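Enquirer: Each residue of the sequence shown is one higher than the one before, counting from 223 in my numbering. All C-beta atoms, glycine included, are put in the ideal place defined by N, C-alpha and C. None of the values given here were measured: they were computed from a predicted structure.
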Amino acid sequence: MTQTVDTLLINALVLTMDEKLTQYSPGAVAVNGDSIVAVGPEDEIKKEYSAKETIPLASLKGGIEASGTIDCKGKVLMPGLINAHTHVSMTLLRGLADDLRLDVWLMGYMMPVERKFVSPEFVQLGTSLACAEQIRSGITTFNDMYYFEEDVAKATADAGMRAVCGQTVMKFPTPDAASYEDSLAMAREFIQRWKDHPLIVPAVSPHAPYTCTAEILRATAELAKEFDVPLHTHLAETAFEVDNMRNENGMPVIPYVKKQGLFDAKVIAAHCVHVDAGEIRTLLHAGAGVSHNPSSNLKLASGFAPVMKMLETGLNVGIGTDGPASNNDLDMFEEVRLAAFVAKAVTNDPTSLPASQALLMATRLGAQALHIGHLTGSVQTGKRADLILVDITPTHNSPSFKRAADNAYSQIVYAGKSTDVSDVMVNGKWLMRDHQLLTLKEDDLLAQAADIAKNIDAFLIEREQSVLSKLIALGGSLEQESFEVQVKVKITETDPIIQAMKRPEVEVIRQRHYREHDVYFFFDDPTQGRLRYREDDFVDDVKNIVTNVRARLTLIGQKREGEFENEVLLSRSRYLAPAAQSLRFYREYFKPNSEVQIDKDRLRWQIKYKDTEFFINLDKVTEPELGQFLEIKSSTWSRKDADNKAHLVSELLSLLGASGGKTVTKDYIDIVSENQ
Ligand SMILES: [Zn+2]
Numbered sequence: 223m224t225q226t227v228d229t230l231l232i233n234a235l236v237l238t239m240d241e242k243l244t245q246y247s248p249g250a251v252a253v254n255g256d257s258i259v260a261v262g263p264e265d266e267i268k269k270e271y272s273a274k275e276t277i278p279l280a281s282l283k284g285g286i287e288a289s290g291t292i293d294c295k296g297k298v299l300m301p302g303l304i305n306a307h308t309h310v311s312m313t314l315l316r317g318l319a320d321d322l323r324l325d326v327w328l329m330g331y332m333m334p335v336e337r338k339f340v341s342p343e344f345v346q347l348g349t350s351l352a353c354a355e356q357i358r359s360g361i362t363t364f365n366d367m368y369y370f371e372e373d374v375a376k377a378t379a380d381a382g383m384r385a386v387c388g389q390t391v392m393k394f395p396t397p398d399a400a401s402y403e404d405s406l407a408m409a410r411e412f413i414q415r416w417k418d419h420p421l422i423v424p425a426v427s428p429h430a431p432y433t434c435t436a437e438i439l440r441a442t443a444e445l446a447k448e449f450d451v452p453l454h455t456h457l458a459e460t461a462f463e464v465d466n467m468r469n470e471n472g473m474p475v476i477p478y479v480k481k482q483g484l485f486d487a488k489v490i491a492a493h494c495v496h497v498d499a500g501e502i503r504t505l506l507h508a509g510a511g512v513s514h515n516p517s518s519n520l521k522l523a524s525g526f527a528p529v530m531k532m533l534e535t536g537l538n539v540g541i542g543t544d545g546p547a548s549n550n551d552l553d554m555f556e557e558v559r560l561a562a563f564v565a566k567a568v569t570n571d572p573t574s575l576p577a578s579q580a581l582l583m584a585t586r587l588g589a590q591a592l593h594i595g596h597l598t599g600s601v602q603t604g605k606r607a608d609l610i611l612v613d614i615t616p617t618h619n620s621p622s623f624k625r626a627a628d629n630a631y632s633q634i635v636y637a638g639k640s641t642d643v644s645d646v647m648v649n650g651k652w653l654m655r656d657h658q659l660l661t662l663k664e665d666d667l668l669a670q671a672a673d674i675a676k677n678i679d680a681f682l683i684e685r686e687q688s689v690l691s692k693l694i695a696l697g698g699s700l701e702q703e704s705f706e707v708q709v710k711v712k713i714t715e716t717d718p719i720i721q722a723m724k725r726p727e728v729e730v731i732r733q734r735h736y737r738e739h740d741v742y743f744f745f746d747d748p749t750q751g752r753l754r755y756r757e758d759d760f761v762d763d764v765k766n767i768v769t770n771v772r773a774r775l776t777l778i779g780q781k782r783e784g785e786f787e788n789e790v791l792l793s794r795s796r797y798l799a800p801a802a803q804s805l806r807f808y809r810e811y812f813k814p815n816s817e818v819q820i821d822k823d824r825l826r827w828q829i830k831y832k833d834t835e836f837f838i839n840l841d842k843v844t845e846p847e848l849g850q851f852l853e854i855k856s857s858t859w860s861r862k863d864a865d866n867k868a869h870l871v872s873e874l875l876s877l878l879g880a881s882g883g884k885t886v887t888k889d890y891i892d893i894v895s896e897n898q
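(1) Taking the straight line between their C-alpha atoms, what separation do you get for LEU505 and PRO431?
(2) At a cut-off of 7 Å, would you count ALA492 as near ligand 1, judging by its Cβ distance to the nearest heavy atom?
(3) Could you check if GLY201 belongs to the surroundings of ligand 1, using beta carbon to heavy atom distance under 7 Å?
(4) First and last residue of the alpha helix (DSSP H) that includes MET647?
(5) Would you kindly work out how many angstroms separate the C-alpha atoms of GLU810 and GLU463, rounded to a whole number?
(6) Which residue wins for smallest C-alpha separation from SER548, given the options ILE267, LEU696, TRP327?
(7) In its own chain, which residues sit with a C-beta less than 6 Å from the C-beta of ASP740, not counting the 5 before and 5 after it?
(8) DSSP state of ARG625, grouped into three classes?
(9) Measuring straight from C-alpha to C-alpha, what distance separates LEU582 and ILE361?
(10) Could you give the uninterrupted runs of the beta strand (DSSP E) lying entirely in the stretch 672-735, keeping only those of 3 residues or more?
(11) Return the residue from the list THR535, MET530, ALA607 that minimises the CA-CA distance to SER574.
(12) Mind checking which residues open and close the beta strand (DSSP E) that includes TRP416?
(13) Going along the chain, which residues of its own chain have a beta-carbon closer than 7 Å to the beta-carbon of ALA354, five neighbours each way excluded?
(14) Here's the rule: buried if 16 or more other CB atoms are within 10 angstroms of the residue's CB, otherwise exposed. What is LYS605?
(15) What does a CB cutoff of less than 6 Å around ASN538 pick up in its chain, not counting 5 residues either side in sequence?
(16) Do PHE760 and ARG752 have their C-beta atoms within less than 8 Å of each other?
(17) Confirm, please, whether the CB-CB distance from ILE719 to LEU878 is below 8 Å.
(18) Give the secondary structure of ILE614 by DSSP, where H, G and I count as helix, E and B as strand, and everything else as coil.
(19) Could you tell me which residues DSSP puts in a beta bridge with SER427?
(20) Suppose you measure from the CA of LEU696 to the CA of MET329; what does that come to, to the nearest Å?
(21) So, are the CB atoms of PRO516 and LEU560 less than 8 Å apart?
(22) For ALA399, collect the residues of the same chain with a Cβ closer than 7 Å to its Cβ; drop the 5 residues on either side in sequence, then sort them by chain order.
(23) Hey, is HIS307 close to ligand 1, as in C-beta under 7 Å from one of its heavy atoms?
(24) Return the residue from the list VAL386, VAL426, CYS387, ILE413 that minimises the CA-CA distance to TYR402.
(25) For TYR369, which of helix, strand or coil comes out of DSSP?
(26) For SER247 versus LEU235, is the C-beta spacing smaller than 8 Å?
(27) Are the stretch 798-818 and the stretch 761-780 in contact at 8 Å, needing three or more beta carbon pairs?
(28) Does THR224 come out as helix, strand or coil in the three-state DSSP assignment?
(29) To which residues of the same chain is ALA722 closer than 6 Å at the C-beta, ignoring the five residues directly before and after it?
(30) Return the Cβ separation of THR308 and ASP544 in integer angstroms, given the expectation that the two are a contact with Cβ distance under 8 Å.
(31) Could you check what DSSP says for GLN482 in three-state terms: helix, strand or coil?
(32) In three-state terms, what does DSSP make of PRO516?
(33) Once DSSP output is grouped into helix, strand and coil, what is the label at LEU582?
(34) In chain order, what residues of the same chain lie with their CB nearer than 7 Å to the CB of ILE918, ignoring the 5 residues before and after it?
(35) Taking all protein chains shown into account, do 16 or more other C-beta atoms lie within 10 angstroms of the C-beta of SER900, making it buried, or fewer, making it exposed?
(36) Kindly list the residues whose CB is nearer than 6 Å to the CB of LEU825, restricted to its own chain and excluding five residues on each side of it in sequence; keep chain order.
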């Protein structure tokens with residue numbers, strides 16, 4: 223008497239991906255409810271198990287558990303692939319901005335678009351679309367990090383996939399939270415509501431050490447520990463990140479996050495490209511899992527993760543696609559192949575990361591890296607039935623050799639394509655049968671995605687037309703609807719002016735010495751104005767050292783507002799922003815058609831004259847060599863104040879004994895531009 227099960231899969235080449243990499247051919251798998259109840263040689267399994275009546279494919283829509291006996295016709299039956307790191311909702315941003323450096327891509331494009339468009343509906347649609355793509359490519363589990371993660375969880379559960387869903391927490395305002403405290407509260411509630419779900423493992427995701435404070439890292443680790451859920455984060459992705467961490471905290475990334483108690487939680491660390499042997503051991507001792515993301519690392523030129531060292535040390539290393547905006551697809555067949563190829567190339571050794579080991583990373587090791595190895599990742603009795611069937615007979619994958627066990631892995635890894643996946647089961651339920659998706663309506667999803675793409679296109683087209691709107695899109699810029707009055711005089715000596723500053727009519731509030739490095743960006747359309755990136759190095763004259771560096775961006779209008787007597791200029795309103803990114807970032811983001819650099823050594827006095835504040839600058843322009851100048855500037859005034867007080871500038875000019883000098887009515891940049 224045989225035991226009756228919901229589904230009996232027979233006539234398959236079963237790759238179990240268990241500890242011994244056991245294969246059965248012809249093999250069979252018995253599935254009952256959500257679990258695998260038996261796996262082995264077909265004749266043995268058939269002796270013990272039989273299935274209920276076979277259910278026709280036509281009635282499988284919506285996914286179904288009991289499907290009777292299924293003849294796999296010699297296809298490979300293996301565990302579903304584990305996508306160990308992604309941001310699935312970003313399917314809706316796929317191909318939006320490519321061939322950019324990580325910071326320009328993230329801060330210049332992704333984040334501004336996300337601030338404008340990402341909503342619970344956006345996330346659900348993006349997730350459903352990603353589930354369709356992933357099911358088609360044989361993925362049964364993914365590890366996600368995004369905003370509105372509860373909506374990712376809902377759409378994923380509706381599609382029938384398994385996922386670790388991490389609610390993002392970072393120090394900036396995000397599309398779903400005004401502050402990190404809000405995201406942390408969202409994460410807590412999300413975890414409480416979903417922690418016993420059969421498909422979803424809720425998690426918390428501090429985005430990365432460079433987008434989080436030490437306090438956020440500590441708080442998220444405590445939350446993850448409290449509920450015993452994973453903590454998913456990006457670690458040591460770029461050399462730039464590691465260099466900054468060393469400069470700011472005197473240590474690389476892994477020791478830093480360890481110091482913040484991150485490893486008290488079950489960590490899933492994406493990337494780990496720039497880690498040394500000691501850091502790999504720290505990750506191992508912390509029981510952390512790692513996601514290796516070869517496409518993302520290659521496309522963003524982040525470097526090559528020391529995957530072989532990690533595996534040799536014993537780390538659980540999975541493979542991830544990363545988000546579809548930086549890959550640009552969710553194709554694990556491509557990732558596994560790349561992982562194998564890259565490992566061989568960087569070690570200069572073709573025996574590195576053989577096909578079986580690469581596939582192991584995409585299955586059992588990946589599940590272990592996500593801390594759900596007890597549930598999925600291999601075809602073993604007691605695990606959930608997360609299975610796929612892969613056809614290894616198409617033209618691009620023929621013929622087949624049976625001589626060695628490794629032949630099967632070679633076929634899957636080196637010649638298999640995601641489109642060869644014909645059937646997908648998750649948690650005992652079919653999500654795809656014979657290439658037909660059973661839980662998702664692709665056509666509807668694609669039509670909705672096309673509408674969103676149209677809106678995002680319109681938003682970016684408008685933004686890209688104006689330097690000002692691009693500046694504002696970065697966040698933090700400040701519009702100053704104010705006026706400045708200024709005069710500039712070319713001088714030969716500075717001493718008489720410094721002496722004149724001691725006159726009783728002049729009250730010195732503050733004096734500073736700094737070096738100013740200005741880079742002006744010019745654009746094709748001169749009405750856009752020009753953008754100045756200014757770095758001020760504050761100099762301590764006693765110690766002769768730079769004590770502080772400040773960088774600012776200023777968008778300067780082209781037009782002069784007016785002129786008073788003695789060529790005292792009235793200048794225009796300006797847009798100011800602290801320059802949080804590097805000069806290189808702004809160059810790549812604003813794409814100026816030309817640049818001019820001006821360096822000067824500046825002695826600056828903040829003074830009061832007749833109850834009005836002014837700045838007196840004594841400038842020595844060193845690059846290009848323009849000579850020395852006296853500049854008198856008002857603080858920012860209203861237009862009315864400018865009219866009433868402009869004469870004070872002329873008075874100061876005579877008081878400082880410079881009224882006889884040659885007045886220059888232009889900014890340095892104008893002088894330089896004209897002489898070029
Ligand atoms: Zn990522």
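Expert: Checking against the coordinates, here is how it stands:
(1) Residue numbering aside, residue 505 sits at position 283 when the sequence shown is read from its first letter. Residue numbering aside, residue 431 sits at position 209 when the sequence shown is read from its first letter. About 16 Å.
(2) The residue given as residue 492 occupies position 270 in the sequence shown. Checking every heavy atom of ligand 1 against the Cβ of ALA492, one is found closer than 7 Å.
(3) The question about residue 201 has no answer here: the residues shown for the chain are numbered 223 through 898.
(4) Counting from 1 along the sequence shown, the entry for residue 647 is found at position 425. Note, MET647: premise wrong, no alpha helix (DSSP H); beta strand (DSSP E) at 643-648.
(5) Here residue 810 corresponds to residue number 588 of the sequence shown, with the count starting at 1. Here residue 463 corresponds to residue number 241 of the sequence shown, with the count starting at 1. Rounded to the nearest angstrom, the two C-alpha atoms are 19 Å apart.
(6) The count along the sequence shown starts at 1 and reaches residue 548 at position 326. The shortest Cα separation from SER548 among ILE267, LEU696, TRP327 belongs to TRP327.
(7) Locating residue 740 in the sequence shown gives position 518, counting from the first residue. Cβ neighbours of ASP740 beyond the five flanking positions: ARG754, ARG756, ILE820.
(8) Numbered from its first residue, the sequence shown carries residue 625 at position 403. Residue state, collapsed to three classes: coil.
(9) As a position in the sequence shown, residue 582 is number 360, starting the count at 1. As a position in the sequence shown, residue 361 is number 139, starting the count at 1. Each residue's Cα considered, the two are about 14 Å apart.
(10) You should have 700-702, 706-713.
(11) Within the sequence shown, residue 574 is the residue found at index 352, counting from 1. The shortest Cα separation from SER574 among THR535, MET530, ALA607 belongs to MET530.
(12) One-based indexing of the sequence shown puts residue 416 at position 194. Counting along the chain, TRP416 falls outside any beta strand (DSSP E), though it belongs to the alpha helix (DSSP H) covering 402-416.
(13) Position 132 of the sequence shown holds residue 354. Excluding residues within five positions, the ones whose Cβ falls inside 7 Å are LEU659, LEU662, GLU664, LEU667.
(14) As a first step, residue 605 must be located in the sequence shown, where it is residue number 383. When all chains shown are included, LYS605 counts as buried.
(15) In the sequence shown, the residue the question calls residue 538 occupies position 316. These residues qualify, in order along the chain: GLY511, LEU587, GLN590, ALA591.
(16) Here residue 760 corresponds to residue number 538 of the sequence shown, with the count starting at 1. Here residue 752 corresponds to residue number 530 of the sequence shown, with the count starting at 1. It is not a contact, given that the beta carbons lie outside the stated cut-off.
(17) Position 656 of the sequence shown, counted from the first residue, corresponds to residue 878. Position 497 of the sequence shown, counted from the first residue, corresponds to residue 719. By the CB criterion at 8 Å, LEU878 and ILE719 fall inside the cutoff.
(18) Here residue 614 is taken as the residue at index 392 of the sequence shown, counted from 1. For ILE614, the three-state secondary structure derived from DSSP is coil.
(19) Position 205 of the sequence shown, counted from the start, is the residue given in the question as residue 427. Answer is THR390.
(20) If you number the sequence shown from 1, residue 696 lands on position 474. If you number the sequence shown from 1, residue 329 lands on position 107. Those two C-alpha atoms are separated by around 7 Å.
(21) On the sequence shown, position 294 is the one that residue 516 refers to. On the sequence shown, position 338 is the one that residue 560 refers to. Yes, they are a contact pair.
(22) Stepping through the sequence shown from its first residue, residue 399 is reached at position 177. SER405, MET408.
(23) Position 85 of the sequence shown, counting from 1, holds the residue named residue 307. Yes, the beta carbon of HIS307 sits closer than 7 Å to at least one heavy atom of ligand 1.
(24) The count along the sequence shown starts at 1 and reaches residue 402 at position 180. Ranking VAL386, VAL426, CYS387, ILE413 by Cα distance to TYR402 puts VAL426 first.
(25) As a working note, residue 369 is residue 147 in the sequence shown. Correct three-state label for TYR369: coil.
(26) In the sequence shown, counting from the first residue as 1, residue 247 sits at position 25. In the sequence shown, counting from the first residue as 1, residue 235 sits at position 13. Yes, Cβ-Cβ distance for SER247 and LEU235 is below 8 Å.
(27) yes
(28) Here residue 224 corresponds to residue number 2 of the sequence shown, with the count starting at 1. Coil at THR224, not helix or strand.
(29) By one-based count along the sequence shown, residue 722 stands at place 500. Correct list, in chain order: LEU878, GLY879.
(30) Locating residue 308 in the sequence shown gives position 86, counting from the first residue. Locating residue 544 in the sequence shown gives position 322, counting from the first residue. Yes, THR308 and ASP544 are in contact; Cβ-Cβ is about 6 Å, under 8 Å.
(31) Taking the first residue of the sequence shown as 1, we reach residue 482 at position 260. In this structure, GLN482 counts as coil in the three-state DSSP scheme.
(32) Here residue 516 refers to the residue found at position 294 when the sequence shown is read from its first residue. Helix at PRO516.
(33) Stepping through the sequence shown from its first residue, residue 582 is reached at position 360. If DSSP states are grouped into helix, strand and coil, LEU582 belongs with the helices.
(34) This structure cannot settle anything about residue 918, because the visible part of the chain is limited to 223 through 898.
(35) With the chain covering 223 to 898 only, the question about residue 900 has no answer from this structure.
(36) Taking the first residue of the sequence shown as position 1, residue 825 is located at position 603. Beyond the five residues adjoining it in sequence on each side, LEU825 comes within less than 6 Å, by CB distance, of HIS735, LEU840 in the same chain, given in chain order.
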